[in-house]
Amino acid sequence: MHFAFLARLLGPAYAGYGVQTLLLGLLRAIAELDTEHELTLFVGSDQQVPEELRGAFRIAPLAPAPNAAAARLWWDHVAVGMLCRQLGVDALYCPAHVRPLYAPCPTVVLVLDMMYHRFPEQWPWSEQAYMRLAVAWLTSRATRIPALSEATRRDLLALTTTPPERVEVIYPGVPLGFHPMNATAVRMRYDLPQPYILSVGSDHPRKNLIGTLRAFEQVAPAVTHDLVLVGPTVWPNAALEARIAASPCFSRIRRLGLVSEADLIALYSGAELFVFPSLYEGFGFPVLEALACGCPTITSNVSSLSEVAGDAALLIPPGDTAALAATMQRALGDTSLRTELRRRGIERAKSFSWHVAAQQTLELLRCAGQSQQRGTP
């Protein structure tokens, strides 16, 4: 059978985002696993495709990966379908909610999360409206729908009319290379001589960076640690910028922005504590990355985060700054607790496998392709 994968999210505009981590990890595992099917990547003609994918996948370039909204709509909803027909694709895999309006073959459409439904006030109305329509369309037309977590599956079934039998949880694996490593060189490069607490994620309000800052300010007088913030700036978050500028701990807050994957692994490995009190996640790659690197972790007890962390992290209500601060102080003051969390985290991360995710995804694509051959939805 011939399977195609919509892969414009491999482009540089999505570097540092969980959806690119997910897609790249899945495609790498499929490339290693599948020798039975014809595999095609639909990419922008200006994209650099990782070398390890070129041997297993046929590369089918469209126009340059679009940035303008109108171009993206044409690319995602019409051009991809036309290429599927031209190449005789039996099933199409689509990441990030988008199922083409024109699709001449069955589709397997990944649902990352339901944040546009859960937190509509945090998105521009145009983006919110488009994603709500996209989710409504995919739930009515997609042949199979993988979800990143049981929490996302529950949200999808609760907030839409999707038939439960079409939705299957497929957990992603640990991103390649994430394991404990020596952090000395990276700490020197970023001038981090003090022990530090790490926060990884964008500046979107749902990441709750203000909650992290407030908790750090409560803990700071009793510890010598700095707070290191890593992640892209993607949101006009004036409240966050003002909070950092006015913080009494301003001199101990280090903003590194987007860093390379190798540096990120070292930063996790060198941190005394990783803090991720997000309000909502469809999966939560930073938590899995931290666990895999043996970094003691505090995260939220909501959405998918407790599902990912299991018993390998300390859980807090994300809106409770006092609870977060108390848990940070407890972890920083207890060496044996941090040692145990490191051990549990590394073991917990082993249960997330790209090999398993690739097998499950290929099985969904096979079922989808066979359903068309049988003439069933």
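Residue 1 is where the sequence shown starts when you use UniProt numbering, and the numbers rise one by one after that. Yeah, the Cβ is synthetic: ideal placement off N, Cα and C, and Gly gets one too.
Ala60 and Cys367 have their C-alpha atoms spaced approximately 24 Å apart. Taking the C-beta atoms as reference points, Val275 is found no nearer than 7 Å to Ile170. For the set Gly55, His37, Arg338 and Val43, the Cα lying nearest the Cα of Val89 is the one of His37. The DSSP-derived three-state label of Arg72 is helix. Taking a 10 Å sphere around the C-beta of His355, we find fewer than 16 other C-beta atoms and assign the residue as exposed. Looking from the CA of Ala13, the closest CA among Arg144, Gly333 and Gly44 belongs to Gly44.
When secondary structure is reduced to three states using DSSP, Leu198 falls in the strand class. DSSP, reduced to helix, strand and coil, places Tyr280 outside both helices and strands of the structure shown, so it counts as coil. If the five residues before and after Asp226 are omitted, its C-beta is found closer than 8 Å to the C-beta atoms of Leu192, Gln194, Pro195, Tyr196, Ile197, Arg252, Ile253 and Arg254, all from its own chain and listed in chain order. One thing to note: Leu258 has its Cβ within 7 Å of the Cβ of Gly16. In the DSSP secondary-structure assignment, Tyr93 is bridged to Phe5 and Val108.
Minimum Cα-Cα distance from Glu168 among the listed residues Cys249, Thr361, Phe250 and Leu273 corresponds to Thr361.
Rounded to the nearest whole angstrom, the C-alpha separation of Gly231 and Gly81 is 34 Å. Looking only at Leu209, Glu307, Cys249 and Arg166, the smallest Cα-Cα distance to Ala238 is reached by Leu209. Bridge pairing for Gly257: Val230 [DSSP]. Comparing alpha-carbon positions, the option among Ser300, Leu337 and Cys295 lying closest to Asn182 turns out to be Cys295. Restricted to the stretch 150 to 177, the alpha helix (DSSP H) segments that are unbroken, complete and at least 4 residues in length are 150 to 159, listed in chain order.
The closest CA to that of Ser149, considering only Gln370, Ser303, Thr339 and Gln359, is found on Ser303. Listed in chain order, the non-local C-beta contacts of Leu279 below 6 Å within the same chain comprise Arg206, Asn208 and Pro318, local neighbours out to five positions each way being set aside.
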